[in-house]
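Positions 16 to 384 (our numbering) are the ones given, in order, by the sequence shown. Structure record follows, encoded as structure tokens.
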Amino acid sequence: HMFNAVRQLINPLRKSVYFSKLKLLNRPNNLNQVINYFSTMTSEITIGTHDGCFHCDEALACFMLKQLPEYKNATVVRSRDQKILEPCDIVIDVGGKYDPSKHRYDHHMRDFEETASSVLKRDDCSWDIKLSSAGLVYCHFGHRILKQMLPEVIEDADIHIIFKHVYDSLIKEVDAIDNGVPMFDEEPKYRIVTNLSARVARLNPEWNSQGLDADCQFAKAVELCGEEFRYFVESSARIWLPAREFVRQSLEKRFKVDPSGEIFELQKSVPWKDHFFELEKSMNISPPIKYVIFKDNSWRVQCIPVSLGSFITRLALPEAWAGLRNEELSRVSGIDGCVFVHTVRFIGGNKTREGALAMAQKSLKLNQI
């Protein structure tokens, strides 16, 4: 109680303030310590956002901005009072203005229709989801943020590849949820209530909670979003991107796997789908590849989907193999060492490389008859 009371005395004009270095577990014990605790944490640089119920987009936007040198030690001011927001160096998710020249990044205006495509104006960034404050900050500052977080990535081209992947993997989801964009045109059969936006929402003080400080909870939300963002950035650079060259080399060797060029082989199980569709297009691969074989304990033959994220494949495994296993599958297919074929026919398994390749080759042959 003393902590909150003194806080109100120190900042009479600020309805709600989150200090960037707030340590929730190390609160001071007496009045002098409290006053010193706050007075030493003020910063000339301020990031403005709204108070009250917080959401994933502004929490994530705050974290991203704080990765930049100019905002690293900034104070986050939470208020809806224009007199308080006006002096802020940058304002996100509140204020009724989108003006990058003045660092105003709200998206709630009636006439706001900006997307990543319209902001970035690049042919390879054709995304049409309306931006939230997270998307706005990412589009305007994202390349610099990634360079700051990934000093080992030297090439601008690689930074841009990672930029696109992180947008597709995380930012677009946050934008869509905040703007109420449905995942499907029809009624979904189930709800997803464990995504990042939902986990941030759960940090808001409940209607019947007592003694829960909203600004401390917002600090937790920023850290939660930061942990998620950091994961996607670092895994994109250190796991996902290195797989790109591996996939490229595998595609170049596809005719050595099968003369048709419609089967390629991955020597390791790597994250390949994102890279595959981009590389297939840039390499002008024709005819379209139908199957990939790779080792995952035993060997797998997987059908190529018609597009990234689709459950529809270019050429499914034979219907007669669907749901069969082991000896029965080997008998029906005429191929030794078969392990399984999924009932949906998008993937199958064999004990050996030769067997997995034979399954892919026979599937091609049967579909050509």
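Glycine residues also receive a C-beta, built at the ideal position from the N, C-alpha and C atoms.
Check: Cα-Cα separation between ILE60 and PHE69, rounded to whole angstroms; Outcome: 21 angstroms
Check: Which of helix, strand or coil DSSP assigns to GLY150; Outcome: helix
Check: At least 3 beta-carbon pairs within less than 8 angstroms: the segment 337-344 vs the segment 353-360; Outcome: yes
Check: Residue interval of the beta strand (DSSP E) (run including ASN365); Outcome: 362-365
Check: Range of the contiguous beta strand (DSSP E) that encloses SER322; Outcome: No beta strand (DSSP E) holds SER322; DSSP gives it neither H nor E.
Check: Three-state secondary structure (DSSP) of GLY157; Outcome: helix
Check: Test item: CB-CB of ILE160 and LYS187 under 8 angstroms; Outcome: no
Check: Those residues which DSSP pairs with LEU281 across a bridge; Outcome: PHE309
Check: Residue burial classification, PHE7 (beta-carbon count within 10 angstroms, cutoff 16); Outcome: Residue 7 is absent from the model: the chain starts at 16 and stops at 384.
Check: Alpha carbon of ARG259 to alpha carbon of TRP287, nearest angstrom; Outcome: 7 angstroms
Check: Check whether PHE156 and LEU83 have beta carbons under 8 angstroms apart; Outcome: yes
Check: Backbone CA spacing between HIS123 and LYS112 [nearest angstrom]; Outcome: 8 angstroms
Check: ARG93 - containing beta strand (DSSP E), residue span; Outcome: 90-93
Check: Residue burial classification, ALA213 (beta-carbon count within 10 angstroms, cutoff 16); Outcome: exposed
Check: Three-way DSSP call (helix, strand, coil) for CYS140 in this model; Outcome: coil
Check: Beta-carbon contacts of PRO320 that lie in its chain and below 6 angstroms, excluding the five residues immediately before and after; Outcome: THR328
Check: 6 angstroms Cβ shell around CYS71 - same chain, five flanking residues per side excluded; Outcome: VAL189, LEU211, SER212, VAL215
Check: Rounded straight-line distance, which links the Cα of GLN383 to that of ASN365; Outcome: 23 angstroms
Check: Under 8 angstroms between C-beta atoms of TYR182 and ALA131; Outcome: yes
Check: Beta-carbon spacing of VAL248, VAL262 below 8 angstroms; Outcome: no
Check: Helix, strand or coil at GLU73 [DSSP, three-state]; Outcome: helix
Check: Backbone CA spacing between CYS77 and TYR120 [nearest angstrom]; Outcome: 12 angstroms
Check: Assigned exposure category for GLY324 - 16 Cβ within 10 Å defines buried; Outcome: exposed
Check: Same chain, Cβ closer than 8 angstroms to THR64, five either side skipped, listed in chain order; Outcome: GLU73, ALA76, CYS77, VAL91, VAL92, ARG93, VAL106, ILE107, ASP108, VAL109, SER148
Check: Per DSSP, cross-strand counterpart(s) of LYS145; Outcome: THR130
Check: PHE355 - DSSP class collapsed to helix/strand/coil; Outcome: strand
Check: Span separating the alpha-carbon of LEU218 from that of PHE233; Outcome: 7 angstroms
Check: The segment 295-303 in contact with the segment 357-371 per 3-pair CB rule at 8 angstroms; Outcome: no
Check: Nearest-angstrom beta carbon gap, LYS310 and GLU277 [assumed within contact, 8 angstroms]; Outcome: The pair is not a contact, with the Cβ atoms about 20 angstroms apart (cut-off 8 angstroms).
Check: Delimiting residues of the alpha helix (DSSP H) encompassing ILE176; Outcome: 171-181
Check: Outcome for SER378 when other beta-carbon atoms lying within 10 angstroms are tallied against a minimum of 16; Outcome: buried
Check: Three-state class that DSSP yields for GLY63 in the structure shown; Outcome: strand
Check: Collapsed DSSP secondary structure at ASP230 in the structure displayed; Outcome: helix
Check: Alpha-carbon to alpha-carbon, HIS175 and LYS117; Outcome: 25 angstroms
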